[in-house]
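*Asks:*
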Amino acid sequence: MAENKKMVEAITPINEDFTQWYTDICLKAELVDYSTVKGCTILRPYGYAIWENITHLLDARFKATGHENVAMPMLIPEGLLLKEADHVEGFAPECAWITMGGAEKLEERMCVRPTSETLFCDHWSHVLHSYRELPMKYNQWCSVMRWEKTTRPFLRTREFWWQEGHTIHETADEAIAETEQQLNTYADFCEQQLNIPVLKGQKTDKEKFAGAVATYTIEAMMHDGKALQSGTSHYFGDGFSKAFDVTFAGRDNTLQHPFQTSWGMSTRIIGAIIMTHGDDEGLILPPAIAPYQVVIVPVAAHKAGVLEKAEELRAALAEKYRVKLDDSDNSPGWKFSQWEMKGVPLRVEIGPKDIEKGQCVIVRRDTREKLFTPLETLDEVIAQQLDALGKNLYERAKQNREERTYTATAMDEIIDISESKTGYIKTMWCGDLACEEMMKEKAGVSSRCIPFVQEHLSDTCPCCGKPASKMVVWGKAY
RNA sequence: CGGGGUAUAGCGCAGAUGGUAGCGCGCUGCGUUCGGGACGCAGAGGCCUUGAGUUCAAAUCUCAAUACUCCGACCA
Numbered sequence: 003m004a005e006n007k008k009m010v011e012a013i014t015p016i017n018e019d020f021t022q023w024y025t026d027i028c029l030k031a032e033l034v035d036y037s038t039v040k041g042c043t044i045l046r047p048y049g050y051a052i053w054e055n056i057t058h059l060l061d062a063r064f065k066a067t068g069h070e071n072v073a074m075p076m077l078i079p080e081g082l083l084l085k086e087a088d089h090v091e092g093f094a095p096e097c098a099w100i101t102m103g104g105a106e107k108l109e110e111r112m113c114v115r116p117t118s119e120t121l122f123c124d125h126w127s128h129v130l131h132s133y134r135e136l137p138m139k140y141n142q143w144c145s146v147m148r149w150e151k152t153t154r155p156f157l158r159t160r161e162f163w164w165q166e167g168h169t170i171h172e173t174a175d176e177a178i179a180e181t182e183q184q185l186n187t188y189a190d191f192c193e194q195q196l197n198i199p200v201l202k203g204q205k206t207d208k209e210k211f212a213g214a215v216a217t218y219t220i221e222a223m224m225h226d227g228k229a230l231q232s233g234t235s236h237y238f239g240d241g242f243s244k245a246f247d248v249t250f251a252g253r254d255n256t257l258q259h260p261f262q263t264s265w266g267m268s269t270r271i272i273g274a275i276i277m278t279h280g281d282d283e284g285l286i287l288p289p290a291i292a293p294y295q296v297v298i299v300p301v302a303a304h305k306a307g308v309l310e311k312a313e314e315l316r317a318a319l320a321e322k323y324r325v326k327l328d329d330s331d332n333s334p335g336w337k338f339s340q341w342e343m344k345g346v347p348l349r350v351e352i353g354p355k356d357i358e359k360g361q362c363v364i365v366r367r368d369t370r371e372k373l374f375t376p377l378e379t380l381d382e383v384i385a386q387q388l389d390a391l392g393k394n395l396y397e398r399a400k401q402n403r404e405e406r407t408y409t410a411t412a413m414d415e416i417i418d419i420s421e422s423k424t425g426y427i428k429t430m431w432c433g434d435l436a437c438e439e440m441m442k443e444k445a446g447v448s449s450r451c452i453p454f455v456q457e458h459l460s461d462t463c464p465c466c467g468k469p470a471s472k473m474v475v476w477g478k479a480y
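Under the numbering used here, the first residue of the first sequence is numbered 3, with each subsequent residue one higher.
1) Fully enclosed by the segment 374 to 435, which alpha helix (DSSP H) runs are 4 residues long or longer?
2) Look up residue 466 in the DSSP assignment and give the residues it is bridged to.
3) Could you tell me whether the Cβ atoms of residue 227 and residue 21 are closer together than 7 Å?
4) Can you check which of these residues, 274, 213, 316, is closest to residue 229 by C-alpha distance?
5) State the Cα-Cα distance for the pair residue 250 and residue 168, rounded to the nearest angstrom.
6) Taking C-beta to C-beta, are residue 219 and residue 449 nearer than 7 Å?
7) Report all residues from its chain with a CB closer than 8 Å to the CB of residue 308; omit the five preceding and five following residues, and keep chain order.
8) Report the rounded CA-to-CA distance for residue 223 versus residue 88, giving the unit in angstroms.
9) Once DSSP output is grouped into helix, strand and coil, what is the label at residue 125?
10) Please confirm if the segment 137 to 151 is in contact with the segment 20 to 38, defined as three or more CB-CB distances below 8 Å between the two stretches.
11) Once you ignore the five residues that flank residue 446 on each side, which residues in its own chain have a CB closer than 8 Å to its CB?
12) Jot down the residue ranges of each uninterrupted alpha helix (DSSP H) in the segment 309 to 354, minimum 4 residues, whole runs only, in chain order.
13) Rounded to the nearest angstrom, what separates residue 481 and residue 238 at their Cα positions?
14) Decide yes or no for the touch test of the segment 129 to 136 against the segment 165 to 185: beta carbon pairs closer than 8 Å, at least 3 of them.
15) Leaving out five residues before and five after residue 407 in sequence, what residues of the same chain have Cβ atoms less than 7 Å from its Cβ?
16) If we require 4 or more residues per run, which alpha helix (DSSP H) segments fall completely within the segment 133 to 215?
17) Identify whether residue 250 lies in helix, strand or coil by the three-state DSSP scheme.
18) Please say whether residue 146 and residue 101 have beta carbons closer to each other than 7 Å?
19) Check the C-beta distance from residue 280 over to residue 27 and give it rounded, since I have them as a contact under 8 Å.
20) For the segment 27 to 91, list the alpha helix (DSSP H) runs that are entirely contained and at least 4 residues long, ordered along the chain.
21) To the nearest angstrom, how far is the alpha carbon of residue 415 from that of residue 403?
22) Give every residue of the same chain whose Cβ lies closer than 8 Å to the Cβ of residue 59, excluding the five residues on either side of it in the sequence, and list them in chain order.
23) Where residue 246 and residue 124 are concerned, what is the direct C-alpha to C-alpha distance, given to the nearest angstrom?
24) Please classify residue 333: is it buried, with 16 or more other beta-carbons within 10 angstroms of its beta-carbon, or exposed?
25) Anyone know if the C-beta pair for residue 181 and residue 42 falls short of 7 Å?
26) According to DSSP, simplified to helix, strand and coil, what is residue 294?
27) Could you pull the DSSP bridge partners for residue 277 from this structure?
28) Given this structure, state the Cα-to-Cα distance separating residue 212 from residue 271, to the nearest angstrom.
29) Taking residue 339 as the reference, give the member of 366, 37, 278, 324 with the closest Cα.
30) Within 10 angstroms of its Cβ, does residue 225 collect 16 or more other Cβ (buried), or is it exposed?
31) Which residue or residues does DSSP assign as beta-bridge partners of residue 236?
32) How many angstroms separate the CA atom of residue 217 from the CA atom of residue 233?
33) Looking at the strands, I want to know which residues DSSP matches up with residue 459.
34) Beta-carbon within less than 6 Å of residue 7's beta-carbon, same chain only, minus the 5 sequence neighbours each way: which residues are those?
35) Could you check which residue in 198, 86, 405, 70 has the C-alpha nearest to that of residue 231?
36) Counting only the same chain and skipping the five closest in sequence on each side, list residues whose C-beta sits under 6 Å from that of residue 56.
So, in structure tokens, the structure goes:
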């Protein structure tokens, strides 16, 4: 009977307690497990498979735009880190330090990389000679460590996996163009492949990366209206290259400093996928990165011919899609719930009745709509439905963002919105740090970005009343 | 790092007033089932987070530590 069915692995309803829902999904969809190492989580096979798909897609994009992969040491001697003042100030508080080598105390302690700008600069100072060698466009896939105080799967762990791109260029214009190009790469990847709409813009000075001249960001809005910075791209000018004495002989044979960029996307993006698309049944994965795009569930698998037919379908579909045939002993109902929890975009059910009729049932994860599909057209219907599902995820997320985006021109209006709703608040801003801090104090929101696409909402800053020409998007962030 | 909460089997929990452990799920085996989280029978599984106290006796009381978790601050 339904009422005494043990709802194994049931998750917290999304609208009851969003953070608990999120944690439930991370654990019950078997993406991560907590580690006995404080502050660290383990990426389990299913979670890692998502990250692998992300890395493959991004890596191909980076290579297509002329970037090369490298591997740097994971340790940074303190002396290197100290060379760029703003950078140290930003990162030193969250560095993990190595002070012993075996039984010997080190002459100079080393930190586990929190990011690798300093290592790249040090390397470039050795290998760069001439403008002919520029640009150098490097990327590395690695993990980094930041001594965070609290742990949330994907969103905040001491060690996390990412890629960090680092480039140097002959001119500032080229470096700025690189920064923009990479931000656009992230934005396009999010929108086209993760089906997450993003807002592109520039970070305020308060929010920008330690040591950067300018930081650009893509901001995504989660189901609950909070923002998540999903990718970032920095322009450094020649600050680091001066600090690290990176020089080259220019076209006019004078010694010059190159202009630098860096950009990164991390496993945090998996948190964005979960919190943007998931629902009460669990995860919903964008087809482009789902470990399995299709799961085949045989019904009455013990009956003659069913498993064979299911395997036949699997083999045929596997030529084009990532497919899983679940031939375990669990009941069909259990499998339905399990794979919904894990967010597989499409489920194909095949049983004796279907085989008789030469059809199967396709069930969409996002709408749970059932489509009785003749086997001859299965391939094209799957392609069509995967595509439609991705588009639907994007549209749903976009609609949520639109519904949760508010405009305000006065402080009391801002406070009223921030107390009653969660989402983006668009306002004008005079550019003063004091007003940005006041927004945090009075309304509890931080600036997410100064969007590239600007609107003129009013003439004055709602905080101080002085003339304001920039529009800023504010919000609560993960 | 500040404020709350939690710590007993793999997971979720029960274990008033102290007497050294139990339930559900899961797991293993066999059988019956199979179109939305199946069922029967038989099993395996616990230094009650750690360390000090109080006591004849501590999962239970006291103190401390550690970890996890939620809410802030900080970050990708």
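Virtual Cβ for every residue (Gly too), placed ideally from N, Cα, C.
*Replies:* Looking at the coordinates:
1) 380 to 405, 413 to 422
2) Residue 466 is not bridged to any residue.
3) no
4) 274
5) 17 Å
6) no
7) 300, 301, 302, 352, 353, 354, 357
8) 30 Å
9) helix
10) no
11) 420, 478
12) 334 to 343
13) Nothing can be reported for residue 481: it is not among the residues displayed for the chain, which extend from 3 to 480.
14) yes
15) 425, 426, 428
16) 174 to 190
17) strand
18) no
19) 6 Å
20) 47 to 66, 80 to 83
21) 19 Å
22) 191, 195, 290, 291
23) 6 Å
24) exposed
25) no
26) coil
27) In DSSP, residue 277 forms no bridge with anything.
28) 21 Å
29) 366
30) buried
31) 217, 264
32) 11 Å
33) Answer by DSSP bridge pairing: none, since residue 459 is not bridged.
34) Note that residue 7 scores a pLDDT of 34, beneath 50, so its modelled location is shaky; the value from the coordinates is reported in the next line. Excluding residues within five positions, none has a Cβ falling inside 6 Å.
35) 198
36) 291
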